[in-house]
Structures are given as structure tokens and as C-alpha cells.
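Structure first, commentary second.
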Amino acid sequence: MSWSEEFLPSVIGVATLVAITTAVLWGFRTPRYFAPALAVLRGALQLALISIILSGVITDPLWVALALFVMFSVAALTASGRIGWNLWHVGLVFTAMALGIAVTLAVTFITGAIEFSSRYALAIGGIVIGNAMMTATLAGRRFMEVTDERWETVEGWLALGATPRQATRELTRLAVHSALIPSTDQTKTTGLVTLPGAFVGAIFGGVSPLEAGRFQIVVLAAIMAAGSITAIVVVSGLAPVRTRPAVPT
Numbered sequence: 000m001s002w003s004e005e006f007l008p009s010v011i012g013v014a015t016l017v018a019i020t021t022a023v024l025w026g027f028r029t030p031r032y033f034a035p036a037l038a039v040l041r042g043a044l045q046l047a048l049i050s051i052i053l054s055g056v057i058t059d060p061l062w063v064a065l066a067l068f069v070m071f072s073v074a075a076l077t078a079s080g081r082i083g084w085n086l087w088h089v090g091l092v093f094t095a096m097a098l099g100i101a102v103t104l105a106v107t108f109i110t111g112a113i114e115f116s117s118r119y120a121l122a123i124g125g126i127v128i129g130n131a132m133m134t135a136t137l138a139g140r141r142f143m144e145v146t147d148e149r150w151e152t153v154e155g156w157l158a159l160g161a162t163p164r165q166a167t168r169e170l171t172r173l174a175v176h177s178a179l180i181p182s183t184d185q186t187k188t189t190g191l192v193t194l195p196g197a198f199v200g201a202i203f204g205g206v207s208p209l210e211a212g213r214f215q216i217v218v219l220a221a222i223m224a225a226g227s228i229t230a231i232v233v234v235s236g237l238a239p240v241r242t243r244p245a246v247p248t
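0 is the number of the first residue of the sequence shown in numbering that gives the first Met the number 0; add one for each residue after it.
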């Protein structure tokens, strides 16, 4: 099968889907309606590059570790930008994600839930990093939004003598809960509403459905653990506010 026969239908399908997405958002006058199209283009280029690179280094622990470090750095910087770019936010997000991911992967491999090997470290590491990035973004943005919405209440607590952290305690809990909703819904509907990529990919790779299911539930538990730790550290770092936060756009 030639290159065109193998990839051309995918290119046409993706281009059509991107065109539909852009047209719908443009028609609704959504700000930055072209962002999803650029995201797909960037994702395609990055996947092509990483596929070429990993085909030769996936069995080398040092290269896999470097790949995970690059993934983590890009994810942390992306989440930092989403909650407002400054050095404090960068340090906070890096710390939160590093702690959540490190604890989760350590437990996963030490307990033997998943075999500790280069390919599995890359697979589950990439998934956990990506979801930790999403949770960090949601937690930080939701905390800022709800604090802005309820600033009069926060000011009231401060006027009564509460510390900045005490004045936003309930808001931090609400932000963590909101940030974990996507991961929670994904986990509880797995097998009924969605078939996760790791599960489907494992089956397509020749693994039995039972073994693929075992791998997937470990992945989902890892996502929840890393997300919980990441979200709590992020909002705890943002909690002691003394002035009304500027909600990032």
C-alpha cells in the first residue's frame, strides 16, 4: 500500500472535521475560533515528530526519561500560562504537578500494578502528565473565577479578622471538586460511555480484553491520584489572596 493510499483518507477526514469545527465556531462568533484548528495542526506535527523519535529510543531508559521530562516541562508551562503567567505560578504548577505525578508513578510501579519498563513508563507517564496538566489548569482557573465572583464574601471574612487562607478555604475546596469533575466522569463512565485510548490501543496491539481492562483501571486510578494531589497543591498555593484576583482570559 502506497503512502497516499494509507494516509490520504485520514488527512481528508481530519481536514474536514477541522473545517467543520472552525466553521461552527466562526458562525457563532466565538473568540479565537481558529484555536482548535491550530491545536490539531500542532498536535499532528508533534505526533509525527515524536513517532519518528520514539521509534528508535523507546527501549532506551535514558531517552524515555528525557522524553518524559520534556513532556512534563511543556505541560507545566502550558498550565502556568493558563492561570496567569508569572514566576510564582510557574513554580507552583511545576511543584504541584511534580509531586502528584511522582507519588502516583512511584506507587504504580513499586506495587507492581504495572510493570516497570521503559515502554510502560512512557505510556502511563504521558497519560498522567497530560491529565495533571488539565487538572492544574482547571483548579487554578476555577479558584480565581470563584474568588472573583465571591470577592465580597472574602472581604467580609478578612474584615472579621480571618487570614487570607481562612477567607478562601471553602473556595479552594470548591475549585478542587470542580477541577476533578472531568476525570471523575471519565472514570465512572468508562466501558459504558467511553472506551479509553489506552484500552483500545492495547487490544489492537494484541493484548486480551481482560489484560487491557486491568491496565486501563490502573491508569484511571493513577489519573485520579495525580489530579487530586496536583489540584490541592495548586489551590493551596493560590489560596492566601489579599487582593481581588485577575481572572485570566
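We put the beta carbon where it would ideally sit given N, CA and C, even for glycine. Predicted model, so just to flag it, every value in this text is computed and none were measured.
Given 8 Å, three or more beta-carbon pairs between the region 145-158 and the region 201-216: no
Simplified DSSP assignment, three categories, for T107: helix
Sub-7 Å separation of L127 and I100 beta-carbons: Per the sequence shown, residue 127 should be read as Val rather than Leu. Yes. Within cutoff.
V199 to L159 span [Cα, whole Å]: 55 Å
Minimum C-alpha distance to L219 - residue among A245, I231, R241, T186: T186
Residue from A178, A201, R141 with nearest C-alpha to I222: A178
Every unbroken alpha helix (DSSP H) inside the region 83-163 [4 residues or more]: 86-109, 117-148, 150-158
Contact the region 167-175 vs the region 137-148: 3+ CB pairs below 8 Å: yes
CB contact flag (P247, G83, <7 Å): yes
Reduced DSSP category for T171 - H, G, I as helix; E, B as strand; rest coil: helix
Bridge partners - T21, DSSP secondary structure assignment: For T21, which the question treats as bridged, DSSP gives no partner whatsoever.
T183, DSSP secondary structure in three states: helix
Cβ neighbours of S250 in the same chain (closer than 6 Å, five flanking residues each side left out): There is no way to answer for residue 250, as the model of the chain reaches only from 0 to 248.
8 Å contact criterion, which T77 and M132 should meet: CB distance rounded: 6 Å
Euclidean distance between Cα positions of R41 and A47: 10 Å
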